[in-house]
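Those letters in the sequence shown? Residues -26 to -1, 1 to 411, per mature numbering (1 follows the signal peptide of the UniProt record, and there is no 0), in order. Heads up, the beta-carbon is just placed ideally off N, CA and C, and yes, glycines get one too. First comes the structure, then the notes that go with it.
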Amino acid sequence: MQNYLGKLTRRLLLARSATLGSWMTAATLAGSLRSGISAAESTPHARQLPQRAGILVFLSGGPAHQDTFDLKPDAPAEFRGQFQPIASKTSGLAICEHLPRIAAMTDKLAVIRAVSHNLPDHGLGSRYVLTGNRPTPVMQFPSLGSVISKEQTGPADLPRYVAIDRDNEGPGFLGAQFGALETGEHPRVGRPFSIRGITLEEGVTIEQFSRRRNLAREVDQLFAGLEDLDDEVRALDQFSEQAYRIISSKRAREAFDLSQEKPTISARFGSHEHSQSYLLAARLIEAGVRFVTVIVDGWDTHQANFKTLKETLLPSLDQNVSALLTTLGDKGLLETTSVLITGEFGRTPKINGGAGRDHWAQAMTSLLAGGGVQGGALIGKTDARAAEPVGDSFSPDDLAATFFHTLGVPSSREYPSGTGRPITLVREGKVIREICA
């Protein structure tokens, strides 16, 4: 009798059989699960710094530093903008009038005003800030969250790293096993929210999914010994059990279910476009996820900078950052969570003809908060037109090294690349000690 199983490979069957569970082909879930398999044996380094969870709020597009945290009220009109400064709880720090909630809690923030680089391009600038390494064509560096996915352990039924709605940079040379579980969309008030790899298809129960899982196991046994398995198929075998744990986990489902939050806490975040994403970040950290990235789009204000900031971007940032830090504090998580808020660059000192500001990498402002951070710290300054740092300046490398330090990961950590050559986590950065607690 002819054996047809040799022609029908298990890879082909799994790829074509959606009824075996769509989670098997969800790359983002696969990445988060593989990290749970291999991190323990691949990170033998002794840790001396206290480990903390992390949240990155990435203001994608590049916020205008001189209209938010580095106002220049005495500059000529074509530079200073339309907003007035207000006092904050930090001595010497006045910020935009449209950020009153943040102004009232800057004692919990470290403000770095002199972050500077020379890549005023969205792709390159983002890559630099989100990896802490200057981009190079010969090496793809991992995102901040992917590093934490490798370095820290977490509950078996939760992904270590979640990106809302995407991870711009990915795991780089660390490998796909340390990638994020990407939600694919932002949760919205009053709208259904489903996440690939967590939310079952409509009408599918856990019991039905369990039957599909059992069928997949039978297929595994059918093909056992009939083909040579490559690394990809072995990875499917290894993480399928953990995939089931996440999908069937009550804790995972509840962490992503924003209706489970107390109404008094939900109300803090309001109904801005990204409000629910900030709330979800807090819930995921509370559940045990080790790192969450929240991508906040819309900051590329070439046109109508002041109108857009005043009407949408700043009210949302003000309410949601204050709500996030307050909620983490109320849940007892602020001291064990480090938060970084930054864009990829600042914006031009001079206002353009469309009442906007263009790309400007020579100066930008970044914020840190939470565990390991000296609240109320103000470091760095720019010139009278917010164009260049005066005195000390800080690179994206320094920012990443400092963030990793607060998270409990030495920036001098070395990893093997695909060629086996050791690569330093942050090649050029130095920890900004003045803002570390």
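Environment of residue i [buried if 16+ CB atoms lie within 10 Å]
i: D371; result: buried
i: G36; result: buried
i: P161; result: buried
i: G144; result: buried
i: Q182; result: exposed
i: V89; result: buried
i: D48; result: exposed
i: K46; result: buried
i: N188; result: exposed
i: R407; result: exposed
i: G403; result: buried
i: V347; result: buried
i: S65; result: exposed
i: P237; result: exposed
i: residue 412; result: The chain is shown only over -26 to 411; residue 412 falls outside these bounds and no answer can be derived.
i: A361; result: buried
i: P133; result: buried
i: D271; result: exposed
i: D41; result: buried
i: D366; result: exposed
i: S386; result: exposed
i: L196; result: exposed
i: D274; result: buried
i: N92; result: exposed
i: V136; result: buried
i: D131; result: buried
Helix, strand or coil at residue i according to DSSP, with G and I counted as helix
i: V193; result: helix
i: G320; result: strand
i: P370; result: helix
i: P74; result: helix
i: L67; result: coil
i: I397; result: strand
i: L254; result: helix
i: E15; result: Model confidence at E15 stands at a pLDDT of 39, short of 50, so the residue's coordinates are unreliable; what they give is reported in the following sentence. Helix.
i: L33; result: strand
i: V347; result: strand
i: L325; result: Note that residue 325 is Ile in the sequence shown here, rather than Leu. Looking at I325 - three-state DSSP - the assignment turns out to be coil, as it is neither helix nor strand.
i: residue 471; result: Nothing can be reported for residue 471, as the shown portion of the chain is limited to -26 through 411.
i: residue 412; result: For the chain, the structure presents residues -26 to 411; residue 412 sits outside this window and is missing.
i: G403; result: coil
Pairwise C-alpha distance: residue j and residue i
i: D81; j: A343; result: 9 Å
i: D23; j: V178; result: The sequence shown places Leu at residue 23, not Asp. Straight-line Cα distance between these residues: approximately 44 Å.
i: I69; j: A278; result: 20 Å
i: T17; j: G55; result: Low local confidence applies: a pLDDT of 43 at T17 is under 50, so the model's placement there is unreliable, with the coordinate-based value given in what follows. Between T17 and G55, the C-alpha separation is close to 49 Å.
i: I169; j: A226; result: 11 Å
i: L307; j: L291; result: 20 Å
i: I239; j: G327; result: 42 Å
i: T310; j: A255; result: 14 Å
i: F319; j: K124; result: 27 Å
i: R219; j: P129; result: 10 Å
i: S251; j: A51; result: 36 Å
i: S223; j: K324; result: 53 Å
i: L67; j: R26; result: 28 Å
i: T339; j: T300; result: 22 Å
i: P166; j: T157; result: 13 Å
i: A411; j: G345; result: 8 Å
i: I221; j: A329; result: 48 Å
i: I397; j: Q58; result: 46 Å
i: A190; j: Y389; result: 35 Å
i: D314; j: L302; result: Just to set this straight, residue 314 is Leu in the shown sequence, not Asp. Near 14 Å, if we compare the C-alpha coordinates of L302 and L314.
i: W334; j: E176; result: 46 Å
For residue i, the residue or residues it bridges with in DSSP
i: G28; result: F265, S312
i: I86; result: S340, I353
i: E388; result: T398
i: W273; result: Paired residue(s): none; W273 is not in a bridge.
i: H333; result: R321
i: P363; result: T356
Task: 4 or more residues per run - each alpha helix (DSSP H) lying fully within the stretch 105 to 156 - done: Complete alpha helix (DSSP H) runs here, min 4: 118 to 125.
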